[in-house]
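Student:
Numbering (the numbering used here), first residue to last: 5 to 139.
If you want it as structure tokens, here you go:
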């Protein structure tokens with residue numbers, strides 16, 4: 005009986021610690037995520053294809069996140085995942101996973117560490133979607 009009670013106490017303590025850690029991580033995320041900008045804005049998106057050709061698109065939108073704009077304008081297709089849209093096709097060019105091809109999102113030529121669905125936009129910003137080879 006005493007062993008069972010000790011095991012239950014250990015499990016309860018572990019669950020409480022886990023919940024506290026989850027709450028702490030959620031709080032950190034909420035305080036560190038970038039704020040969105042409401043209202044009308046204009047953004048530019050350069051699509052850099054495998055053959056190095058560039059197509060430039062300018063969008064006028066009230067949306068707050070890059071992914072919303074790209075989907076609204078049918079510029080991208082992909083698969084929904086835990087972090088939002090995983091882009092597989094841009095401007096009618098599909099990345100070939102068997103060749104380790106993927107679409108890299110950059111802002112002013114600097115790689116982003118967020119998905120398109122988690123990237124807030126502001127007026128005048130420029131983004132690049134580049135077909136990249138190699139992981």
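Beta carbons are placed, not taken as given, at the ideal position from N, Cα and C, and that holds for glycine.
Between the C-alpha atoms of residue 66 and residue 126, what's the straight-line distance to the nearest angstrom?
Tutor: Whole-angstrom Cα-Cα distance: 10 Å.
Student: Measure the CB-CB distance between residue 53 and residue 105 and report whether it falls below 8 Å.
Tutor: No, they are not a contact pair.
Student: Give the DSSP-derived three-state secondary structure of residue 56 in the structure shown.
Tutor: Note: residue 56 maps to coil in three-state DSSP.
Student: Anyone know if the C-beta pair for residue 89 and residue 61 falls short of 8 Å?
Tutor: No, Cβ-Cβ distance for residue 89 and residue 61 is not below 8 Å.
Student: With respect to the beta strand (DSSP E) encompassing residue 138, which residues constitute its N-terminal and C-terminal limits?
Tutor: From DSSP, residue 138 is part of no beta strand (DSSP E); its letter is neither H nor E.
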